[in-house]
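Visitor: Here the protein sequences line up with chains A and B, keeping their order.
Each residue of the first sequence is one higher than the one before, counting from 8 in my numbering.
Each residue of the second sequence is one higher than the one before, counting from 2 in my numbering.
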Amino acid sequence: MDDEVRMPAIARYMTSTAQDMKTSIRMMYDLLEALPPGEGARDEPVYGQLLHTLRYTERLNDSLVQWLALYRKGGRHRSLFAPELQGVDVLAARLLAEESEPLAYAGVALALDYDPDLLWDYDASLLCGVLHHAIHNAMHYAQGKVRVALAQRGDSLEVRVEDDGPGFPQAMLDAGQAALSGTYQGVNFATRSTGLGLYFSREAVGLHRRFGRQGSAHLANGGAYGGGCFILLLP
Amino acid sequence: MHNFPAGSANRPIDWSAKRYLIIEDMEGVRQMLQKLLQDLGATLIEHAAHGGEAIGHLARHRYDVVLCDCNLGDARNGQQVLEEARARTLLPPSCVWMMVTADKSAETVMGSAEHQPDGYLLKPISEAGLYSRLARAVQRRDVFREIDETFMARDYLRAAALCDARLAAHPVFALDLQRMKAALLLKAGEPAKARAVYEEVLAERDTSWASTGLATIRMQAGEVQQARHMFEKVIAENRYYLDAYDQLASAYRQLGMNDAACEVLEKAVQLSPNSVPRQQQIGDIALAMDNLALAARAYRKCIAIGEYSVRKTSAPYFGLARVCGRQENTAEALQLLQAVQRDFPDQPLRLRGRYAETQVFHESGDAVRAHRAGQELAALFEVAAERPDGGACIEIAELLAAVGVREGAAAVLVHMVRNNDDDSRLLAEAQRVFDQAQMSEEGAQQILAARQYAAEVMNQGLLLWKADRLGEALTWTRTARAALPGNLRVLFNSAQVIITHLRQVGYEPALAFEAREVLMHIDSVAPAHPRFAQLIEQLEELKSWSGPV
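Shown next as structure tokens:
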């Protein structure tokens with residue numbers, strides 16, 4: 008694949024901003040790590056809270072590392088893309104472990120629907136990053152339920168993130184379509200940045216290729232709960 | 002303890018029954034990793050802060066799981082600790098080694114496939130990510146355990162059959178199993194079968210390793226130009242697949258494009274700067290091109306990165322000495338040759354050292370000292386423990402002829418012909434060296450006599466074998482091997498006689514060991530020979546029954 012990714016100006020801006028965010032989080036993370044263990048300090052309740060905080064900064068840092076890596080491919084850094092033939096249950100297990108707690112905190116139930124015997128070639132870490140954003144987006148609009156479904160459709164793996172909210176307005180579906188077709192020009196901060204999220208997602212799933220076919224991301228309304236649907240198709 | 006779904010596991014993994022080693026120089030990260038493992042249910046967790054401490058732990062205990070940071074802030078990095086642990090067989094076959102890194106670019110620092118860890122964990126590590134990576138690696142080790150053991154015993158054909166047997170039950174590892182099977186078939190000297198495996202994989206998905214494997218087989222079959230285009234395509238699609246760079250360089254060299262070969266290796270070095278063999282190859286090509294500056298740089302780099310690696314070799318010292326010789330810097334060349342004898346005291350390098358010294362004098366234009374060193378080289382050749390292969394013998398003879406030690410050259414060539422009497426390419430090379438030494442006619446006679454000598458030795462064995470006088474044939478294998486230690490036909494027939502003997506009189510460990518030694522020697526001097534694979538399979542089969550059939 009061509010390493011020179013054509014990047015719109017806004018994506019470059021976002022990338023450098025994300026780089027700053029990552030650096031500051033890294034500094035915080037290092038600071039937390041460097042705190043002296045001290046005599047008996049580990050028995051203090053605050054130590055447990057620190058560990059908890061550390062986990063969350065890690066998560067954010069992890070996610071930023073993934074996005075940034077996608078845009079540093081031209082440099083000396085290796086692309087993070089590492090697909091593996093594995094069960095879709097591996098992805099389901101990671102999503103359940105990483106997402107259900109924050110969703111429950113927001114009063115939203117996460118349902119997972121998948122065939123445990125289905126094998127696919129995919130990069131679990133990369134998809135976790137993409138779906139993390141999709142699930143959190145769905146959480147904002149959901150009344151009380153979010154569902155992630157993994158199933159084979161034709162010769163693709165379809166990954167759906169569905170909510171029971173009001174669904175996407177037409178403008179977002181249009182922005183999504185623009186991002187999908189590559190005519191995405193920038194982000195309209197007056198509305199929402201869904202277009203940008205979808206643009207990044209499309210880049211990430213697009214790394215999944217098979218005999219000239221390439222992964223794609225879509226937005227739709229409907230699904231099991233009749234709300235918004237974020238859909239990935241992997242060859 | 003968290004209850005994750007079983008993943009693609011056939012049965013759940015008991016994390017509490019395993020022993021863990023965390024190799025990490027940062028106290029905070031060590032705590033985090035320990036906490037993550039404890040959350041899985043692990044209790045037996047030990048720590049090491051640097052490479053030396055880690056090797057000490059690994060030598061004392063057998064670990065099931067090792068989490069090792071790539072950068073240890075020490076002389077040795079994580080990759081070098083892994084290589085040393087493997088080289089010293091400190092890891093049980095079931096041990097899972099995960100490399101922890103803050104930046105996945107570290108993955109490219111690794112060398113060839115056999116030096117890879119079981120997986121990489123990207124820092125900071127999430128609990129679910131750690132669990133799924135670790136579970137997969139443990140299951141994979143489980144599926145591969147018997148295959149790896151059979152591979153270690155070099156029974157390549159049976160190991161390949163084991164891969165086949167596991168394919169249906171473990172579809173999740175289908176690609177790993179097919180990749181292993183193809184590699185085993187290549188080692189067993191069955192390129193056509195390996196090719197079929199690669200083609201089967203490629204029909205399903207375009208995979209860098211399968212394309213590279215297929216192209217390598219085509220290159221070895223003489224389709225160099227086609228292979229070259231396939232390697233170039235692999236690199237265009239996946240610039241991080243380093244094996245393709247090495248193979249492409251080899252294709253360029255065969256096509257006489259040394260510049261292009263150097264260029265592609267330099268690109269690979271940019272991606273993965275710490276590969277000893279790759280730097281060595283750059284040095285060798287540069288030397289062949291007489292680009293002494295580039296050769297010197299590559300050899301020096303090779304020595305520097307080999308410093309803390311178990312893969313440190315003497316080759317770059319010899320290469321650099323040769324560069325110095327050509328630059329007429331005899332003093333430094335001789336210093337390097339002394340250093341190599343001092344730094345590798347356990348290796349039989351006297352002959353190689355004397356050869357290099359002769360070459361340095363010869364190439365720096367010191368004819369008198371070259372002749373004297375050549376005489377010592379010829380004398381040493383008669384008694385040294387080192388047994389150079391056919392190609393190396395030709396080089397030694399060529400050098401001896403060039404420095405005016407003609408009788409020594411002839412003796413080396415006679416030795417070579419006796420041990421390679423059916424290799425027409427080497428026989429032609431021997432005649433060429435005789436021609437250069439203006440010994441054409443005399444040489445032709447000596448070649449003929451050497452071939453007759455080898456044929457006679459062979460015939461004695463064959464007659465005993467055909468007459469079913471196996472006891473005498475057994476004695477013959479020993480005298481024949483003493484007379485012609487490098488002759489592949491003698492070695493193969495020796496192994497065959499011993500195996501037949503074992504089959505008739507029953508399994509005797511001492512004789513089986515002797516056959517095994519002969520076969521191991523063959524596989525190291527002439528890898529990927531189909532007859533080796535068949536004989537070792539027969540020998541391993543004999544282990545399982547004790548009486549004659």
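Note that CB positions come from ideal geometry on N, CA and C, so glycine has one too.
Looking at the unbroken alpha helix (DSSP H) that takes in alanine 513 of chain B, where does it start and where does it end?
Guide: Run containing alanine 513 of chain B: 510–526, per the alpha helix (DSSP H) assignment.
Visitor: Does any residue of chain A have a CB that is nearer than 8 Å to the CB of serine 209 of chain B?
Guide: Taking Cβ atoms only, chain A never reaches closer than 8 Å to serine 209 of chain B, which makes this a no.
Visitor: Could you tell me the alpha carbon to alpha carbon distance between valine 311 of chain B and lysine 268 of chain B, rounded to whole angstroms?
Guide: Cα to Cα, the separation comes out at about 24 Å.
Visitor: Could you work out which residues of chain A lie near proline 172 of chain B, taking near to mean beta carbons separated by less than 7 Å?
Guide: Those are Leu126, listed as they occur along chain A.
Visitor: Apart from the five residues on each side of it in sequence, which residues of its chain come closer than 6 Å, Cβ to Cβ, to alanine 189 of chain B?
Guide: Closer than 6 Å at the Cβ level, and outside the excluded window around alanine 189 of chain B, lie Tyr157, Leu158, Ala534.
Visitor: Check whether the Cβ atoms of alanine 211 of chain A and aspartate 170 of chain A sit closer than 8 Å, and answer yes or no.
Guide: Result no, Cβ atoms of alanine 211 of chain A and aspartate 170 of chain A do not sit closer than 8 Å.
Visitor: May I ask you to list, following chain order, the residues of the segment 128–149 of chain B that have a beta carbon less than 8 Å from some beta carbon of chain A?
Guide: Answer in chain order: Glu128, Ala129, Gly130, Tyr132, Ser133, Arg137.
Visitor: Take the Cβ of tyrosine 253 of chain B as the centre, count every other Cβ of all protein chains shown within 10 Å, and call the residue buried at 16 or more, exposed below.
Guide: With 16 or more Cβ atoms within 10 Å of its Cβ, tyrosine 253 of chain B is classed as buried.
Visitor: Which residues mark the beginning and the end of the alpha helix (DSSP H) in which glutamate 377 of chain B is found?
Guide: Start and end: 368–384.
Visitor: Going by other Cβ atoms of all chains shown within 10 Å of its Cβ, with 16 needed for buried, is serine 31 of chain A buried or exposed?
Guide: Serine 31 of chain A should be labelled exposed.
Visitor: Taking DSSP as the reference, what is the three-state secondary structure of leucine 92 of chain B?
Guide: Residue state, collapsed to three classes: coil.
Visitor: So with CB distances below 9 Å, who are the chain B contacts of arginine 154 of chain A?
Guide: Going along chain B, no residue has its Cβ under 9 Å from arginine 154 of chain A, so there is no contact; the nearest lies around 17 Å.
Visitor: Spatial neighbours of cysteine 394 of chain B within its chain, please: CB distance less than 6 Å, with the 5 preceding and 5 following residues excluded, ordered by chain position.
Guide: Val413, Met417, listed in sequence order.
Visitor: Helix, strand or coil: which one does DSSP assign to threonine 44 of chain B?
Guide: Residue state, collapsed to three classes: coil.
Visitor: Mapping the DSSP letters down to three states, classify tyrosine 551 of chain B as helix, strand or coil.
Guide: No information on residue 551 of chain B is available, as it lies outside the stretch 2 to 550 that chain B covers here.
Visitor: Where does the unbroken beta strand (DSSP E) through isoleucine 238 of chain A begin, and where does it stop?
Guide: Note, isoleucine 238 of chain A: beta strand (DSSP E), 234–241.
Visitor: So what does DSSP say about alanine 224 of chain A, is it helix, strand or coil?
Guide: It is a strand residue.
Visitor: Which of the three DSSP states is assigned to glutamate 399 of chain B in this structure?
Guide: DSSP places glutamate 399 of chain B in helix when its eight states are reduced to three.
Visitor: With 16 as the cutoff for other CB atoms within 10 Å, does histidine 230 of chain B come out buried or exposed?
Guide: Burial call: exposed.
Visitor: Mind checking glutamate 25 of chain B: buried by the 16 CB within 10 Å criterion, or exposed?
Guide: So glutamate 25 of chain B counts as buried.
Visitor: Return the first residue and the last residue of the alpha helix (DSSP H) that glutamate 358 of chain B is part of.
Guide: Where glutamate 358 of chain B is concerned, the enclosing alpha helix (DSSP H) stretches over 351–364.
Visitor: Taking only runs of the alpha helix (DSSP H) that begin and end inside the segment 270–333 of chain B, which ones reach a length of at least 4 residues, in chain order?
Guide: Qualifying alpha helix (DSSP H) stretches, in chain order: 277–289, 293–307, 316–327.
Visitor: When the Cα atoms are used, what is the spatial distance from leucine 272 of chain B to glutamine 280 of chain B?
Guide: Spanning the two alpha carbons is a distance of roughly 13 Å.
Visitor: Bridge partners for glutamine 177 of chain A per DSSP, in chain order?
Guide: Note: glutamine 177 of chain A sits in no beta bridge, so no partner.
Visitor: Could you give the distance in angstroms between the alpha-carbon of glutamine 336 of chain B and the alpha-carbon of arginine 353 of chain B?
Guide: Cα to Cα, the separation comes out at about 15 Å.
Visitor: Mind listing the chain B neighbours of valine 168 of chain A? Cutoff is C-beta to C-beta under 9 Å, in chain order.
Guide: By Cβ distance, chain B contributes nothing, its closest Cβ being about 17 Å from valine 168 of chain A, past 9 Å.
Visitor: From the DSSP secondary-structure annotation, give me the bridge partner or partners of alanine 49 of chain B.
Guide: According to DSSP, which records beta bridges pairwise, alanine 49 of chain B is partnered with B/Ile24.
Visitor: Which value, in whole angstroms, describes the spacing of the CA atoms of aspartate 487 of chain B and arginine 517 of chain B?
Guide: Note on residue identity: the sequence assigns glycine, not aspartate, to residue 487 of chain B. About 16 Å.
Visitor: Can you pull the chain B residues whose beta carbon is under 7 Å from the beta carbon of arginine 101 of chain A, in chain order?
Guide: Going along chain B in sequence order, the residues near arginine 101 of chain A (Cβ under 7 Å) are Ala129, Gly130, Ser133.
Visitor: Of all the CB atoms in chain A, is at least one closer than 8 Å to the CB of arginine 206 of chain B?
Guide: Cβ-Cβ to chain A under 8 Å: yes for arginine 206 of chain B.
Visitor: I believe glycine 284 of chain B touches glutamate 329 of chain B by the beta-carbon criterion, under 8 Å. Please report the beta-carbon distance rounded to the nearest angstrom.
Guide: Not confirmed; about 19 Å, so no contact.
Visitor: Return the residue from the list A/Val166, A/Gly151, A/Gln150, A/Ala149 that minimises the CA-CA distance to leucine 157 of chain A.
Guide: Nearest option by C-alpha distance: A/Val166.
Visitor: Name the residue from B/Ala386, B/Leu295, B/Arg373 whose alpha carbon lies nearest to the alpha carbon of proline 349 of chain B.
Guide: Looking at the Cα atoms, B/Ala386 is the closest of the given residues.
Visitor: Buried or exposed: which applies to arginine 63 of chain B, given that a residue is buried once 16 or more other Cβ atoms fall within 10 Å of its Cβ?
Guide: Arginine 63 of chain B is exposed by the Cβ-count criterion.
Visitor: What residue range is occupied by the uninterrupted beta strand (DSSP E) comprising alanine 156 of chain A?
Guide: Alanine 156 of chain A -> beta strand (DSSP E) spans 152–160.
Visitor: Could you give the distance in angstroms between the alpha-carbon of glycine 219 of chain A and the alpha-carbon of glutamine 282 of chain B?
Guide: Going from the Cα of glycine 219 of chain A to the Cα of glutamine 282 of chain B covers about 35 Å.
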